[in-house]
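Quick note on the working numbering: the sequence shown kicks off at 28 and runs consecutively. Data first, discussion second: the structure below is written as structure tokens.
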Amino acid sequence: MSPNPLQVEVRDHALWVRHIQGDPTVQTWLESVPGGAIVHLEVDGVPGDWRKMSDGSDGRPTQGLKPVTEPARGRWHALQAERGKTVSLQVTEVS
């Protein structure tokens with residue numbers, strides 16, 4: 028999707044859109060994805076399905092994604108031990 032290499036900083040159990048570095052159009056696009064939608068990402072070289080988090084109780088969008096399939100879920104959770112690390116990110120497909 029992006030001609031520029033993307034990276035994301037590991038900060039939490041969610042992948043936060045604001046922590047993506049590289050191509051601001053990807054951030055803008057991910058912000059526009061509706062809550063509950065599945066996005067196929069490759070994070071730190073590991074492919075998987077990520078679900079956009081549901082809107083908050085006040086109706087505002089939550090700009091984060093969580094891994095829903097293995098091996099992405101296992102790898103993302105393993106990266107929690109390395110919070111602050113920046114890893115590669117690639118959008119591979121959108122459902």
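Note that beta-carbon positions come from the ideal geometry of N, C-alpha and C, so glycine has one too.
Sub-7 angstroms separation of residue i and residue j beta-carbons
i     : j      : result
VAL53 : LEU42  : no
ASP76 : VAL60  : no
VAL37 : ARG102 : no
LEU57 : VAL44  : yes
ALA64 : LYS79  : yes
ASP71 : VAL114 : yes
GLY62 : SER81  : yes
Residue nearest to residue i in terms of C-alpha spacing, selected from the options
i      : options                    : result
GLN117 : HIS67, GLY63, ASP39, HIS46 : HIS67
ASP39  : PRO88, LYS93, GLY72, ASP85 : LYS93
ALA105 : VAL73, THR119, GLY91       : VAL73
PRO88  : THR55, ILE47, ALA108       : THR55
Reduced DSSP category for residue i - H, G, I as helix; E, B as strand; rest coil
i     : result
VAL44 : helix
Counterpart residues of residue i in DSSP-defined beta bridges
i     : result
GLU36 : THR113
Enumerate, from N- to C-terminal direction, the unbroken beta strand (DSSP E) stretches of 3 or more residues contained entirely within the segment 53-104.
As for any beta strand (DSSP E) of minimum length 3 sitting wholly inside the segment 53-104, the runs are 65-70, 73-79, 91-94, ordered along the chain.
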